[in-house]
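Visitor:
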Amino acid sequence: MELGIYTFGDTGTVTTRQRLADLVAQARYADEAGLDVIALGEHHRADFTLSAPEIVLAAISSVTKRIRLSTAVTVLSTADPVRVYQQFATLDQLSGGRAEIIAGRGAFTESFGLFGYDLREYEVLFDEKLRLLLEVARSSPVTWQGRTRPPLSDAVVTPRALQPVLPVWVGVGGTPQSAVRAGRLGAPMFVAIFTDPAPARGMVELYRRAASSAGHDPAGLRVGSGGHMYVGRTSQGARDEFYPYYAEYLGKLPQFPGGMPREVYDQWIRAGLLVGSPQEVIDKIMNHRELLGISRYVGQFDVGGMPAGMVDKSLELFATEVAPVVRKESA
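Numbering (full-length UniProt numbering), first residue to last: 1 to 331.
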């Protein structure tokens, strides 16, 4: 089972320059410690630094040797799929075949106005662009026609990835239709889960049924999951340390104006939020595996402007005490 980390690069009180430097250093440590993947999420907000994750991944590729380099997610609805492929094919060549894409619609919609897209076309933009990206990733030249961009006729898309096919995952929140689409297209699926993984079980079953109906072998398709994560030395210590930053982070959502209440936070932890001692986090990841059949778990390891030292401590515990046990138990 693969294990990794992801981030949106929220700045907190540090400069963008310092935040990116810390992130590159943390990625180097994750590589040296044997984690399998690091993923960067694209956002276009003042409180996040990662509007161009492919550039930061290229910087990370120069100081790492084996860790896979992914997004979480690429906001495909407001990007050009051909250009996205070229960027990640270039990253794949630079990194020796380690690039991946998780394509999604994103948690926020600020990129629509920024790049001149109509929110009323939210669904068709993502559907058409995902299909085009998968087609470009699988072969070149490509012929394509749709509503959302000019047609392509025997277009040669270069450079090609070093890997025979650049991996393109479909990132899914809680929408069953998204899982069905991923299955029909035969793409691996990444599911975002923040508390109890049990409700996602039906979505994974829909994904596999849709894949089978479309002629894909469900056994050959991968499912990954991920969510917010903090590992502390003790259970209570982890809860107390993480809460102020998580409350601030969740305060960005309309359901928690002014921050997340402590009683809700504790309830989320009991339900499955990955906050706790190494053993608690191990148990919760294994619960994801048993319920959903995942082959990859990726935890968001820094939220709410946590100090770099606090992030580093959690990352070290994840890499040295959680990951070896999960790999052994899932072997």
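For every residue, glycine included, the Cβ atom is placed at its ideal position computed from N, Cα and C.
Can you confirm whether residue 288, when its beta carbon is compared against all beta carbons of chain C, has any partner nearer than 9 Å?
Guide: The structure shown contains no chain C; it is built from a single protein chain.
Visitor: By DSSP's criteria, residue 71 is part of a beta bridge. Which residues make up the other side?
Guide: DSSP lists 40 as partners of residue 71.
Visitor: Considering only the alpha carbon of each residue, which of 24, 15 and 13 lies closest to residue 312?
Guide: For residue 312, the nearest C-alpha among the options comes from 24.
Visitor: Pairs of beta-carbons, one from the segment 3 to 23 and one from the segment 292 to 306, closer than 8 Å: are there three or more?
Guide: yes
Visitor: In whole angstroms, what is the alpha-carbon distance linking residue 239 and residue 230?
Guide: 8 Å
Visitor: Are at least three pairs of beta-carbons, each pair with one atom in the segment 257 to 265 and one in the segment 303 to 323, less than 8 Å apart?
Guide: no
Visitor: Give the C-beta separation of residue 65 and residue 118 to the nearest angstrom, bearing in mind that I take them to be a contact with Cβ-Cβ under 8 Å.
Guide: Rounded, the Cβ-Cβ distance is 43 Å, inconsistent with contact.
Visitor: Does DSSP put residue 228 in a helix, in a strand, or in coil?
Guide: strand
Visitor: In the DSSP assignment, find the unbroken beta strand (DSSP E) run with residue 92 in it and report its ends.
Guide: Premise fails: residue 92 lies in the alpha helix (DSSP H), 81 to 95, not in any beta strand (DSSP E).
Visitor: What do you reckon, are the CB atoms on residue 301 and residue 275 nearer than 9 Å?
Guide: With respect to residue 275, residue 301 sits apart: the two C-beta atoms are not nearer than 9 Å.
Visitor: Give the straight-line distance between the Cα atoms of residue 154 and residue 121, rounded to the nearest whole angstrom.
Guide: Each residue's Cα considered, the two are about 27 Å apart.
Visitor: Per DSSP, what are the beta-bridge partners of residue 169 in this structure?
Guide: 102
Visitor: At the level of alpha carbons, what is the spacing between residue 224 and residue 190?
Guide: 5 Å
Visitor: Is the segment 123 to 142 close to the segment 156 to 163, with three or more CB pairs under 8 Å?
Guide: Yes, since at least three Cβ pairs between the segment 123 to 142 and the segment 156 to 163 fall closer than 8 Å, the two stretches touch.
Visitor: Would you report the Cα separation of residue 251 and residue 228, rounded to the nearest angstrom?
Guide: Between residue 251 and residue 228, the alpha-carbon positions lie close to 15 Å from each other.
Visitor: Exposed or buried, what is residue 329 when buried is set at 16 or more other beta-carbons lying within 10 Å of its beta-carbon?
Guide: exposed
Visitor: Going by C-alpha to C-alpha distance, which of 98, 215 and 286 sits closest to residue 36?
Guide: 98 is the residue among 98, 215 and 286 whose C-alpha sits nearest the C-alpha of residue 36.
Visitor: Run through the DSSP bridge pairs and tell me what residue 2 is partnered with.
Guide: Partner(s): 296.
Visitor: Would you kindly work out how many angstroms separate the C-alpha atoms of residue 206 and residue 286, rounded to a whole number?
Guide: In a straight line, the C-alpha of residue 206 is about 21 Å away from that of residue 286.
Visitor: Does DSSP classify residue 153 as helix, strand or coil?
Guide: strand
Visitor: Alpha carbons only, please: which of 163, 292, 125 and 48 is nearest the one belonging to residue 202?
Guide: 292
Visitor: Skipping 5 residues on each side, what residues in its chain have a beta carbon closer than 6 Å to that of residue 114?
Guide: Closer than 6 Å at Cβ, skipping near neighbours: 44.
Visitor: Kindly indicate the opening and closing residues of the beta strand (DSSP E) around residue 190.
Guide: Secondary structure note for residue 190: its beta strand (DSSP E) is the uninterrupted segment 189 to 192.
Visitor: Thinking C-beta only, is residue 192 closer than 9 Å to residue 168?
Guide: No.
Visitor: Please go through the same chain and pick out, in chain order, the residues whose beta-carbon is closer than 7 Å to the beta-carbon of residue 47, but skip the five residues on each side of it.
Guide: 10 and 11
Visitor: Straight-line CA distance for residue 310 to residue 144?
Guide: 48 Å
Visitor: Using only CA atoms, which one of 195, 53 and 214 lies nearest to residue 184?
Guide: 214
Visitor: Considering only the beta carbon of each residue, do residue 20 and residue 61 sit closer than 9 Å?
Guide: no
Visitor: Considering only the beta carbon of each residue, do residue 247 and residue 261 sit closer than 9 Å?
Guide: yes
Visitor: For residue 20, which three-state DSSP category applies?
Guide: helix
Visitor: Less than 9 Å separating the beta-carbons of residue 317 and residue 232?
Guide: yes
Visitor: Compute the Euclidean distance between the alpha carbons of residue 182 and residue 13, then round it to the nearest angstrom.
Guide: Taking the straight line joining both Cα atoms gives about 38 Å.
Visitor: Just to confirm, is the Cβ distance from residue 7 to residue 40 under 9 Å?
Guide: Going by beta carbons, residue 7 and residue 40 fall inside the 9 Å limit.
Visitor: Which term fits residue 126, buried or exposed, when burial requires 16 or more other beta carbons within 10 angstroms of its beta carbon?
Guide: buried
Visitor: Distance check for residue 198 and residue 130, CA to CA, integer angstroms please.
Guide: 27 Å
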